[in-house]
Every structure is written in C-alpha cells, then in structure tokens.
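Encoded as structure tokens, the structure appears first; notes follow it.
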Amino acid sequence: MSIIDTAKQAAQGLMQGAIEKLVPLAPDSWIPGGRPDPLIAHKHGLIGTPVSRRDGALKVKGEAGFAAEFRFDDMAYAALAYATIPRGRITAIDSAAADAAPGVVLVMTHLNAPRMNTPGVFGSSPTAVGPADLPILQDDRIHWNGQPIACVLAETQEQADHAASLLGFTYDAEPSTTSLEGAKANGREPGLFMGQPLHNRIGDADAALATAPHVVDQVYRTPRHNHNPIEPHAATIAWIDGALVIHDASQMVTAQAQTIGEIFDLEPDKVRLTSPYVGGGFGCKGLWDHQIIGAAAAKLAGRPVRITLSREGVYRVVGGRSLTEQRVAIGATAEGRFDALVHTGLSIMTPHNNMPEPFILGTRAAYACPNISLQVDIARMNMLANTFMRAPGEAVGTFALECAVDELAVDLGIDPVELRILNEPDKDPTSGLAFSSRHIVEAWRNGADHFGWADRSVEPATRRDGEWQIGMGCATGTYPYYRMPGAQARITLTRDGDAVRALIEVAAAEMGMGTSTTTAIVGAERLGLSLDQVEVGYGDSSIPGAIMAGGSQQTAAIGAAVIAAHNALVAELLKLAGNDSPLAGLSADTVGSEDAGLAKIDDPTQRESYASILTRAQRDSVTVTAAAAQPLELMHWSMHSHSAIFCEVRVNAVTGETRVSRILGSFDCGRILNPKTAKSQFRGGIIMGLGMALMEETQFDERNGRIMNPSLAEYHIPVHLDVPEIDVIWTDIADPHTPMGAHGIGEIGITGVAAAVANAVYNATGKRVRDLPITLDKLL
Amino acid sequence: MTPFTYLRADTVNDAVRLGAGETAAFLGGGTNIVDLMRETVARHETLVDVTRLSAAVTETAEGGLLIGAAATNTAVAEHHGVRTRYPMLSRAILAGASAQIRNMATVGGNLLQRTRCTYFYDTDGSHCNKRAPGTGCDAREGFNRIHAILGASDACVATHPSDMCVALTALDAVVHVEGRDGARTLPFGELHRLPGDRPDLDTVLAAGDLITAIELPPLGVAARSTYRKVRDRASYAFALISVAAAIEMDGDRIADVRIAFGGVAHKPWRATKAEPALRGELASEAVFRAAAAAEFADARPLRDNAFKPELATRTLAAVLAELAKGDVA
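Each protein sequence line maps, in turn, to chains A and B.
Position one of the first sequence corresponds to residue 485 (the numbering used here), numbered consecutively onward.
Position one of the second sequence corresponds to residue 12 (the numbering used here), numbered consecutively onward.
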C-alpha cells in the first residue's frame, strides 16, 4: 500500500469520523415514511453512557432548595384542620382557643376566606389540573372525611400546629356512601379516562369463552394505595405587587400556574410558579387544596406563607390510587392460543372527580386474540378524590391479567414464558395499528437466560430450604409511549471569547429521576457540545410551553421540543453567518451540528464554529424558542414499552411470611439515554411493585370513610430488608418513530411486578392469592 | 404539640420531685412520647429528662443483672452478659424498631410505650377509651389486625407494642420504682394491666412514679432462649405475633420452660397455661401444639385477626422445636 493510499484512507477515515459526529437536523414529526431522529444512529456519543445526576452532590449536601426551604421576609406558617365526617355541613366553629394561642396570625375558614373561583378539575380542559370539581373553603359543605376546613397562620410552624389542634367543629352529618357494597348498590356507570371510554369489544368473547377447551375465569382485587413521596407536599407563597409567586413541588408547573390564576382571577403573567426540585412525584405532585388555601391565607393576612403538609396531611389532602375489582377470563385452544380475552370490572371514584383506575389499558395491546371484551365500570363513594399513581391502570391491571395468564399456563401445562410468546400479536389487537417498536420476545428470552428460569420447578410447592418454600414466577409489564402536545424549548447560545455555552430551558419537572441530566446529555449531543457546555433550566412557569412530568411522556416531549428549537437555532445561525461564512448559501437542511459549530452534512470540512458566527455577527448570544411538532406518531402506531419480570420468592411454611429473594426486570423501552439514572428508575419502580405485591394498603374505614393508617409506621412500604438485589437489563433497541428512539421509563418499572410475585408465591406454595397485598394470613 | 417545659434531672430524687405534677412526664429517648405529643395524643406541659440517671448494667449479688432505666436499647442488646445469659432479651430488642431508634430509646421508656392502635392515634376523628375514657372503641369493629385476642375487654382491644417487654415477662424480671413514698419493686408481670374498664391505664404505676431499673434474676433456663417475631414486613413493623421462649432439656424431656407472647394482649402475655403443659413432657410437635391450644383456648379473635391463634401456635411450636434441638446458636 502506497503512502498516498494510506493518506487517502486516513483522510477518508477522518471524514467518515466527522460525518458520524455530525448531527443533522431531526424531523419534527414521525409519520410513516418519515426519517428517524438522526441521533438514533449516533452510537458513540453521550447518549447511552452512564452519567451521574447533575444535582446529586447538591442534594447529598442538603444544598438543593426544595419548596419548603424557600424563605420570604415576614413569612407566616400554616397548619390545616381536617373534617372528621364524610359528608355534611359545618354548623359551628369554635376558634376561641386557637385565636388566643401564642403566635397566631389568623384562623381562616369558609367564613372569612377570600372569594375564589372553583378550580377546573383535571381533564375538564387542556390546562385544568384542579384536584376536584369543588370550591375550596367557600362554603360549609363537607365532601370527604379529611377535607381541609380551616387554616391557621402563626409566627412559627409549631405555633400553627398547636393552634390548629385547638379548633373545634360541629357538624350536621348527611347520608354518605363510604363502603364498596354501598357504592355498588348506588349503581355503576361506564368509566371514561381522559374523555375516552374504557371499553373495547372485538368479536364475541363470551361465545368464544363458552366453547374454549381451556378457560381461566377469576376475580382479582387490588386495594387503595396512598402516595408517599419522601418529600411531603409543601409550598412557599407570596403576593408581590398583585402577582402571585409560588415555590412549589410540582410535576406540572405551567398548568398549575394557569389553574391557580383562574381561581384567583389573575392574568397568566401574574402567576409565577417554580419547582426546582421535587422529592418524588409518582403522580401526586400536582395541584391540591393546600396551595390554594396557602395562597388565600397569604392574601388574607397580607403576608407570605409557607404551607407544609404533615405526613397525615398528605393522606387527608392528596389522593391516591383507587381500589379495583377485576374479572379476567381467558379461553384458549388446546395448543394454548387465546381465543377469548375478557378483562372487566369496577373501580371506585368520587362524585367530584373523573378518574377511574383504567386497568384495561395494558390489556388492549397485550395478546393476539380474535375475541376481546374490555370494560371498566365505576361506582362513586364519598372520599378524597383519587388520582394518578405510578402507572395508573397498568400497575394493577397487569396484576390481574398476568396472574390469569399464569393460571392458564398451569392449566395447559405450558411454560408461562412460552405461553406468552405463543400469543404475541403481530399488530395491536384492538386498534389494528402496527407496533412502532415491540421486542418483547427478546426481552423474555434475555430475561429467562439471565435469571435462570430453566431451573424453575414446574410442579408447585416442591422446592424447600428448611422452613422456606421456594418458587419462581414471571409476568409481563407494559406501559404506553405518550407524548402530549404543548411542549416548547428555548435555547440560548452564549459566546464568551472563543467559548460557547448553551442554556436549554423547558417548563419540565425534575422529580429526582434525572430529567435535567438527561436533557443535558441529549441537548449536548444534538448541539454538538460537550456536557459541561450545556446548562438546563426547568421547573418554572415563566419558561414557555407546558410539559407535564406524567404518563412517562416528559423525556419524549422535551426531546421533540429541543429538536424544534435546534432546527430554529440552526436557521437563525445561518442567517447570522451571512455571506462571509464558509456556510454561505447553505440551507438549514443541508447542515448539522458538530464540535461546537455547524457543518455541511456531506462535507464536514465546510464548517464554522458557533463562536465564530456570533463574533462576526457582533452578537454575544442568540435565543430561539420553538414548539414541538404535534404528536402525530401516536396516530400512526401502537406505541408501548414492555418488560419481562422474573422473581424468586421464599414463603415461610410456618408463618406464611413472604420474602422476595431475587428479582430481574428485562425491559424493552426503546433506546436508554442514561443507563445510570434509568437503572435507578427501573429499580425504584420494581421496589414500589414489591410493596404493592406484599404490603401496601390504605386502611379506609368503611364506616365513615376515614383513612386510618396515615403514617409511614402503619402504611407499610418495603424497608431495605424487604428489597433483594434487583437485576435490570434492557434490549436498548431504538424506536424509530420517537425522538432519540427513546421511551419514557418512569412508570413501567412497577408494572408486572405484583403478578410476578403472586405467580412465584403460587409456584412456592401451590396457593393462589388473588387479592393484594399478599399478607401472611392469606398463606397460612 | 402543646407547648411544654423541658427540665433535666441529675438525680433520682430530683426527677421524682420535678415529675410530680399531673401534666408532667418523664422523657427517655423520646422515641414514643414525642410522637404522642406531636399527634396531640399526649398534652404534657412538663417533660423531665431522665436520661442522665443510671444507664449502667451491673451484676447483682444474686448473680443476675441490674439494668439502669436510662440504658439504651442498643446498649442492653449488645451487653455481653445479656447476650450470653439472656439471649432472648437481646434478640427481642434487636427485633424492634430500627438501629437509629434503638440508639435513642431507653429501657425505662420502652416499658411505657403506648399502643399502636390507629384509633388511639387519631385524636380528631376516632373514638378511643384509652385516649379519651368513655368515648367508645372504634377498633373493636374496625381495623384490628394488630389487636388483642386474649384478655381484652369491651372497652379496649389494643395490644402492647414492645418486643423487649415480652422477653422481660418471660424472664421473671423485677421492676425498680421510685415514687413519692420511696422505692419499691414489683414483678414485671404485674407492671402492665389488662384493659378492663380502665384502658386509659396501661400500668399499675401511680402518677409521678419513676422506673429506675430492671433486674434480671439469675435464670439458668434463659441461656437457651430466643425470640421470634412475625410481622408484615422484614423489619420496622410491630409484631403480629411474637414468642419469647427458653427451654431446659433433660434428655428428650422438657425440664423447664419459659414462654411469653407479644401481639396478643394489652400486656406482654406470659404463657401460664402453656408452660405447665410442657414441663416434664417429651418434646414433640403434638405436645407443643397442645400447650399452645391450652394457652389460646380462651382466644377471642376479631374481624381482622382470626389468623392469630393458629399463627401463634405454629410459631411457638417452631420455636420450641428449634430450642429443644439446641439449634439456636
């Protein structure tokens, strides 16, 4: 080989390397025939490398300021008093002792609270995120046991708490419904989730069930669950020159600011809501009564207010997951092919909200079956409005469905992994859409391999170690890919000498899962910058756009908004570059970003750095804002994440105690952006699933609708000793129809876990427990 | 929390003098009383800190141990003499709470823990004869999974939550008390009461009485002893059932035995019916179960705790089988 050939090859190699580093503009929609996000092809960049949370050190040192740590001068502290009947009227309030208690600033009840509009209940309009369709402290009516009915402001939190404990209320109770049987007796209605009916009918499932040679037909029950983020809800609130400033813990800063503005008749620019850190969300860090009461009290007192819910307060004010009763019936051929799939049942909600627990969502795309019948009915109870809780629908729906599949596998004598693979659909069985990305079979095969599924004893109750019966179980988990409209991103590119840095701002929420870190990773890679050149702004309603950290959609929403903003930035930079630039005359779609500048896609030597462009244009910075394209991909494909969960349990034959000794989650969730934070999210979801399987249960006293275990001592979640080593693997196969090829992964981790545990308990003991949690008395 | 005055006693006499008022209470580690005050279950106006009083664990002339009431749970659990001569006590302590709480909690305070009945804690919304005498008991027909199956009354079905006290009951410990009329002792089994019609009274102590020490008598049988706690998660949960047991074998025969149950009654429950049914018998599953059957013949389970007699029976049988084999290290 001549020296010239070698040089040629070297030059080609360099060119090749430059092209690989270059990030062309991404499409701003993902429609059939469209081009995938070019970042998907980037295999050796920041995406996919483990990066520690950017705020990790701050949090460990206690220097990250949470909602209850903001401070205003002359701030007063709030404490709430809660109703003790489920329905009725307040006929008298004795506040003499509280008024006279040390440090009290005021006692606010419906008698003296400022007039406020009723918040728009969540889902009633695109921006409404109110907790319930109820006025707050505007009348004498009680709608649930635990409703906040008074607020005390005092100079210290201790004084406020003490004074609140001195308040006395007299009630005129009215008839109420607080029992499941009572709610059923009042009648059922078809459930609507986000305005859509929770109902699907394909073929004739009843007829197919009647003639199927193998049938499983069982009822599964899941209890109420309460939210227990490590950070109880809090807000620090001030009225400044007629504008309302709220430092909150929020998963939805923009929508919350809008709804609060409507309550107080404020123009949108007169409410600013920030939420720089959130100590866990899981669906509960939204708008509840306490922020509204806090803002009203601040207005009445003419002083800033900090309102912090006690743990009990979280149980009284913040809704949780409602209970379900689910029937799953599967009819199968002798070979194990599903011919009928029925998943129907009841969920409980209130007269003042619209949130059935949508447990059939995960069933819609789960298995190939010609005859499918799905339906969620609701009945109403006088209780605190229930709400979203990690994987609403799928968390409890997969428990019922995946236990039933396991029961069918036993009946058929087929390995439950193989039975699932046998019934793998080639398109969405209810919508008829093609799947955007479905590699569940790989997830099952990889998981079975890693876990050692082949070592399972097929016959139940046959493995034992002393008192401990050992069993293995598995289940499928699933959660949809979503992307909600409304996201925007603002990019500010700033020059400092020859250096540049970018600020990417999104009205998103960082709840501890690593969103700000992942946004920096993706933003840096898309802009051709290093990680330390990118700063991320978030958690502030003054940032344009609306992004909700819910439905596991935030990563995709941010991704699409940053794509739009990147496209706008490139167009703006080309304009600024002008005729003296090496890029002169190039159109935006022929250039990409690399190495802190722009370059021609097919000839990266034709390039100019961001700093050079800005310098020549005599600009210190350039700012662009752009809105993400509409989420059209959701109309064209059935889009879901999947998991295969394997676990091993040990059940004590003497006491019935269950301990999970091993668990593995094998995930198929598109491309994983940051393996380090992803692993934590998967593990966290799995731990929450273990709690759901074995211990979590809100004790709702059916005599009066009162929650009786409003504390982490009595509401059991797993402690360290309950959590074994959790193994997490993933396919890492990009979804060609999403930004970065990624799916949000906040919720899928909890799905499938309870079923895998219950199926393992069956394998260990031969006993089926169909009502959660699987407490020891159910196994004695 | 009601505003209160904090005082600290350096001597027993000081403590008794300072703690004399009706609204005063003694403060050990504060791991229960501070919670009770925060929840306004208790509204003490004076707290007398007694953690500076004796925390020593010393040998007695009789060959037992005297444990100062200010000793922390951790210190007692780790004490060599306790671990070797009374292992059930060490294990009972370690089965309770968390390491952080055990580091704070004191022996004296542990004896005076109050029930974890959720209706007792719900000052605003629930009826409870223990918290507010005469208002009724919402637990009897409500959530009562952790509640009593023995010795309860119409007025109260609560259980005593301590693990340590179950072992102390089995070990025939003696409580040293200093009161307005001077010092006295009482057998551990007489410290806690059954609820009767006065469930507001957990113990026989009078207002102002201060527990100064716990005495463990020399007890050979205790060297082969253990504590087993059954609960709804692996740690940090109160007992559904717990068993403290000691056994002395003579060949295959049970020469001597001590048994107490936790999670079954308003007080730590000494198994006065099961013990005689076992002494002198050949160790066997059938004998163990028969002894448990004798103990729980009068059990009156409630809506949520019907599993307890069987769970207690199984747990006792498993513990005795293990002890009889000498398997417990």
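Backbone N, C-alpha and C define an ideal beta-carbon position, used for all residues, glycine too.
Supposed close pair residue i, residue j - CB separation, criterion 8 Å
i	j	result
residue 993 of chain A	residue 963 of chain A	Not quite, the Cβ-Cβ distance comes to about 18 Å (not below 8 Å), so this is no contact.
residue 218 of chain B	residue 33 of chain B	6 Å
residue 613 of chain A	residue 739 of chain A	5 Å
residue 234 of chain B	residue 242 of chain B	With a Cβ gap of about 26 Å, residue 234 of chain B and residue 242 of chain B do not count as contacting.
residue 1032 of chain A	residue 244 of chain B	That pair is no contact at about 33 Å.
residue 1017 of chain A	residue 991 of chain A	That pair is no contact at about 22 Å.
residue 259 of chain B	residue 270 of chain B	Wrong, their Cβ atoms sit about 13 Å apart, outside the cutoff.
Cα-Cα separation between residue i and residue j, rounded to whole angstroms
i	j	result
residue 13 of chain B	residue 35 of chain B	12 Å
residue 166 of chain B	residue 312 of chain B	15 Å
residue 485 of chain A	residue 529 of chain A	Only weak support is given to the placement of residue 485 of chain A: the predicted model assigns it a pLDDT of 46, under 50, and the value that follows is read from those uncertain coordinates. Approximately 32 Å, taken between the alpha carbons.
residue 524 of chain A	residue 1069 of chain A	28 Å
residue 920 of chain A	residue 642 of chain A	55 Å
residue 1171 of chain A	residue 772 of chain A	26 Å
residue 951 of chain A	residue 1141 of chain A	11 Å
residue 607 of chain A	residue 1205 of chain A	40 Å
residue 328 of chain B	residue 896 of chain A	39 Å
residue 340 of chain B	residue 1241 of chain A	Low local confidence applies: a pLDDT of 46 at residue 340 of chain B is under 50, so the model's placement there is unreliable, and no value is given.
residue 64 of chain B	residue 118 of chain B	12 Å
residue 837 of chain A	residue 603 of chain A	12 Å
residue 314 of chain B	residue 587 of chain A	45 Å
residue 1251 of chain A	residue 1129 of chain A	20 Å
residue 30 of chain B	residue 59 of chain B	6 Å
residue 730 of chain A	residue 661 of chain A	36 Å
residue 809 of chain A	residue 597 of chain A	40 Å
residue 73 of chain B	residue 227 of chain B	10 Å
residue 583 of chain A	residue 557 of chain A	23 Å
residue 121 of chain B	residue 1159 of chain A	46 Å
residue 210 of chain B	residue 85 of chain B	30 Å
residue 761 of chain A	residue 88 of chain B	41 Å
residue 559 of chain A	residue 790 of chain A	7 Å
residue 937 of chain A	residue 1209 of chain A	17 Å
Under 8 Å between C-beta atoms of residue i and residue j
i	j	result
residue 1164 of chain A	residue 1227 of chain A	no
residue 225 of chain B	residue 179 of chain B	yes
residue 955 of chain A	residue 1245 of chain A	yes
residue 324 of chain B	residue 308 of chain B	no
residue 812 of chain A	residue 841 of chain A	no
residue 459 of chain A	residue 620 of chain A	No information on residue 459 of chain A is available, as it lies outside the stretch 485 to 1264 that chain A covers here.
residue 1169 of chain A	residue 967 of chain A	no
residue 758 of chain A	residue 656 of chain A	no
residue 514 of chain A	residue 1222 of chain A	yes
residue 718 of chain A	residue 793 of chain A	yes
residue 564 of chain A	residue 632 of chain A	yes
residue 847 of chain A	residue 686 of chain A	no
Taking 8 Å as the cut-off, does the stretch 882-889 of chain A touch the stretch 703-715 of chain A (at least 3 CB pairs, one atom from each stretch)?
yes
Any contact between the stretch 1052-1065 of chain A and the stretch 1113-1133 of chain A? By contact I mean 3 or more CB pairs, one from each, below 8 Å.
no
Tell me which residues of the stretch 217-246 of chain B have at least one Cβ-Cβ distance to chain A shorter than 7 Å, keeping chain order.
241, 243, 244, 245, 246
Does the stretch 776-786 of chain A come within contact of the stretch 673-690 of chain A, defined as at least 3 CB pairs closer than 8 Å?
no
Cβ-based contacts, 9 Å cut-off: residues of the stretch 611-638 of chain A near chain B:
629, 630
Contacting positions in the stretch 1122-1149 of chain A - beta carbon closer than 8 Å to chain B
1138, 1139, 1140, 1141, 1143
Pull out every residue of the stretch 1203-1225 of chain A whose Cβ sits closer than 7 Å to any Cβ of chain B, in chain order.
1203, 1205, 1206
Below 8 Å, how does it come out for the stretch 645-657 of chain A and the stretch 899-916 of chain A: are there three or more Cβ pairs, yes or no?
no
Counting beta carbon pairs with one atom in the stretch 710-720 of chain A and one in the stretch 787-806 of chain A, are three or more of them shorter than 8 Å?
yes
Between the stretch 1218-1235 of chain A and the stretch 740-748 of chain A, do at least 3 Cβ pairs fall closer than 8 Å?
no
Residues of the stretch 688-711 of chain A with a CB closer than 7 Å to any CB of chain B: list them in chain order, please.
none
Against chain A, which members of the stretch 309-339 of chain B pass a CB distance test of less than 7 Å?
318, 321, 322, 325, 326, 329
Using a Cβ-Cβ cut-off of less than 9 Å, list which residues of the stretch 131-146 of chain B approach chain A; keep chain order.
132, 133, 134, 135, 136, 137
Do the stretch 112-132 of chain B and the stretch 168-177 of chain B touch if we need at least three Cβ pairs shorter than 8 Å?
yes
Between the stretch 177-196 of chain B and the stretch 1252-1259 of chain A, do three or more beta carbon pairs fall short of 8 Å?
no
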